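Q: Below is a structure I'd like to ask you about.
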Ligand code: NAD
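Numbering (my numbering), first residue to last: 6 to 484.
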């Protein structure tokens, strides 16, 4: 198992990679071993001013570039990502921990997202509204919103930047993106793909630094017209307050605590197998991870048994090892959070069916864990775990389980397993969520909207909605 090369990190501002040695930052840690692999440089206040100035200067040029030409550049970047998939996937696994096969899938999806925006940007139609007055026309045109500030997290360090970069660039916006300092390499590689595809200087700028300081400076800058953030609900609320002063448009993709409703008419073995694969993907560190499992009383023991047996058999290890099915958690904070959730679960009367402990001497490993017998008010059933712990509870009736699923402030994803059309319809009407998967976990594809309701945020990425998010509408009435 050879470690792939890790890229040289830098800030990309005005079409130049700035000297990292002059800008001390912090170590990037390989979570599988717990040791540094690189140092990410931090932007100075001046750097951030330059980044915004670059995005502002490039804006009229990029906006005036034809949709067709913009599309060609985006497609070129997507193609380069595919050609470089082994290198970028290796980088992603080294800095984030997920198994190499998951990293490859993430890069392939990132390229598909950019391709989809490249195409959809050529279809950013306006409309002509029939006039009440002869000789007067009413046209609605869509225009780019302006320079964007984007903030992306460490759990999906390629897809989240590509959703924001793809949507913004296809709409004709320029942007300054602050990718996660813990996983900077994947975004550096993505920005290089855009650079090598011929993106004009200044259109896309990449910075790193202390998140609190960078967001405060960028969001307060009057030149920034739109803010897009993916991360926790707490940070999202903080950024929304900062953006309120300048009435900036916002896309907020925040936390979730996705319920899974397992009805007694489903194929128990098949559903359990699908649930295990989805739950422990990226060690549970996905905002749409299934986390609260409500299982009908009549199949509870059978379903939990099948789930537990499969969860206990998951092979954990270094993500670069092709045999590994689940890697380490991305950082030590997640391991501490899992320990704390497990302590609470035990105190609250939970039964640990499998797992329940950190693993190994080095790295941030935690066992795939299953907990049952918890009340709905238990911490694990109310607080987003963002890690490899699944909580199980029983239910008896459809109305009751819909009510319990809706009882948290979150409303991002939810899932159900049933063969009944009537049940599927009732769930799709009753659940307060942005995305629902019935007998599937495939809810995130480039051409469909991705976003939540309630404390899970507002706005969408993906789909035509993800492109609209970077546009404003202008009415032109002409006599
Ligand atoms: P955190 O809340 O401090 O940070 C979450 C993300 O926001 C990180 O990427 C961080 O760099 C960024 N961030 C933090 N403060 C910021 C600021 N002032 N301005 C701009 N960006 C800022 O917690 P964490 O320990 O990094 O992550 C733990 C929690 O975050 C998880 O429990 C999960 O709920 C949430 N999270 C959600 C997503 C998602 O996809 N929605 C992704 C990562 C983390």
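The beta-carbon is built from N, C-alpha and C at its ideal position, and this holds for glycine as well. These numbers were taken from a predicted model, which means no experiment stands behind them.
Whole angstroms are fine: how far does the CA of residue 397 sit from the CA of residue 115?
A: 33 Å
Q: Output yes or no for whether 8 Å exceeds the beta carbon distance between residue 59 and residue 112.
A: no
Q: Cβ of residue 393 within 7 Å of any heavy atom in ligand 1?
A: Between ligand 1 and residue 393, a heavy atom-to-CB distance of less than 7 Å is absent.
Q: Under the assumption that residue 361 contacts residue 347 (Cβ atoms under 8 Å), give the Cβ distance between them as a whole number of angstroms.
A: So it is a contact: roughly 6 Å between Cβ atoms.
Q: Using 7 Å as the cut-off, classify the Cβ of residue 204 as near or not near the heavy atoms of ligand 1, replying yes or no.
A: no
Q: Rank 172, 193, 278 by C-alpha distance to the C-alpha of residue 317 and give the top, closest one.
A: 278
Q: Name the DSSP beta bridge partners of residue 43, please?
A: 33
Q: Regarding residue 54 and ligand 1, is the C-beta to nearest heavy atom distance less than 7 Å?
A: False, no ligand heavy atom lies under 7 Å from that Cβ.
Q: Do the region 290 to 297 and the region 386 to 405 touch if we need at least three Cβ pairs shorter than 8 Å?
A: yes
Q: Let's see if you can read the secondary structure: which residues bound the beta strand (DSSP E) around residue 288?
A: That residue, residue 288, is in no beta strand (DSSP E); it is neither H nor E in DSSP.
Q: Specify, as a first and last residue, the run of the alpha helix (DSSP H) that residue 76 falls within.
A: 72 to 88
Q: What does the alpha-carbon distance come out to for the pair residue 244 and residue 96?
A: 29 Å
Q: Contact check, residue 160 vs residue 336 under 8 Å by CB: the rounded distance?
A: Contact doesn't hold; Cβ gap of about 10 Å is too wide.
Q: I need the straight-line Cα distance from residue 466 to residue 163, nearest angstrom please.
A: Computed Cα separation, rounded: 14 Å.
Q: Which same chain residues end up closer than 6 Å to residue 479 when comparing Cβ atoms and leaving out the 5 residues on each side of it in sequence?
A: 146, 148
Q: Label residue 450 either buried or exposed according to how many other C-beta atoms from any shown protein chain fall within 10 Å of its C-beta, with 16 as the threshold for buried.
A: Here residue 450 is exposed: its Cβ has fewer than 16 other Cβ atoms, across all protein chains shown, within 10 Å.
Q: Assuming residue 152 and residue 61 make a contact with CB atoms under 8 Å, what is their CB distance in whole Å?
A: 6 Å
Q: Based on the DSSP output, what are the partners of residue 209 in its beta bridges?
A: BP columns for residue 209 point to 180.
Q: Does ligand 1 have even one heavy atom less than 7 Å from the beta-carbon of residue 160?
A: yes
Q: Looking at the unbroken beta strand (DSSP E) that takes in residue 259, where does it start and where does it end?
A: Run containing residue 259: none; DSSP gives neither H nor E here.
Q: For a quick check, are the C-beta atoms of residue 228 and residue 57 less than 8 Å apart?
A: Result yes, Cβ atoms of residue 228 and residue 57 sit closer than 8 Å.
Q: For residue 461, I'd like the list of residues in its chain whose CB is within less than 6 Å of its CB, leaving aside the five on either flank, ordered along the chain.
A: Counting only Cβ-Cβ distances below 6 Å, and skipping sequence neighbours, we find 259, 261, 415, 416, 417.
Q: Do residue 143 and residue 134 count as a contact pair if the criterion is CB distance below 8 Å?
A: yes
Q: Can you say whether residue 88 is buried or exposed, counting buried as having 16 or more other CB atoms within 10 angstroms of its CB?
A: exposed
Q: Using a Cβ distance threshold of 8 Å, determine whether the region 74 to 93 contacts the region 212 to 230, with at least three qualifying pairs required.
A: Counting C-beta pairs with one atom in each stretch, the region 74 to 93 and the region 212 to 230 have fewer than three that are closer than 8 Å, which means they do not touch.
Q: Under 8 Å by Cβ, that's how I've got residue 101 and residue 179 pegged, so tell me the actual separation to the nearest angstrom.
A: With a Cβ gap of about 27 Å, residue 101 and residue 179 do not count as contacting.
Q: Buried or exposed for residue 235, please, with buried defined as at least 16 other CB atoms from any protein chain shown within 10 angstroms of its CB.
A: buried
Q: Excluding sequence positions up to five away, which residues of its chain have a Cβ less than 7 Å from the Cβ of residue 411?
A: 436, 437
Q: Below 8 Å, how does it come out for the region 59 to 79 and the region 169 to 184: are there three or more Cβ pairs, yes or no?
A: Segment contact: the region 59 to 79 against the region 169 to 184, three or more CB-CB distances shorter than 8 Å; contact assigned.
Q: Could you tell me the distance, in whole angstroms, from the CA atom of residue 241 to the CA atom of residue 440?
A: 19 Å
Q: Helix, strand or coil, according to DSSP, for residue 8 in the structure here?
A: coil
Q: Quick one: grab the DSSP three-state call for residue 356.
A: strand
Q: Following the continuous beta strand (DSSP E) through residue 478, name the residue where it begins and the one where it ends.
A: That run of the beta strand (DSSP E) goes 476 to 483.
Q: Quick check: the Cα distance between residue 371 and residue 36, rounded to an integer number of angstroms?
A: 12 Å
Q: Could you tell me if the beta carbon of residue 156 falls within a distance shorter than 7 Å of some heavy atom in ligand 1?
A: yes
Q: Among 268, 44, 456, 49, which one has its Cα closest to the Cα of residue 218?
A: Of 268, 44, 456, 49, the residue nearest in Cα terms is 49.
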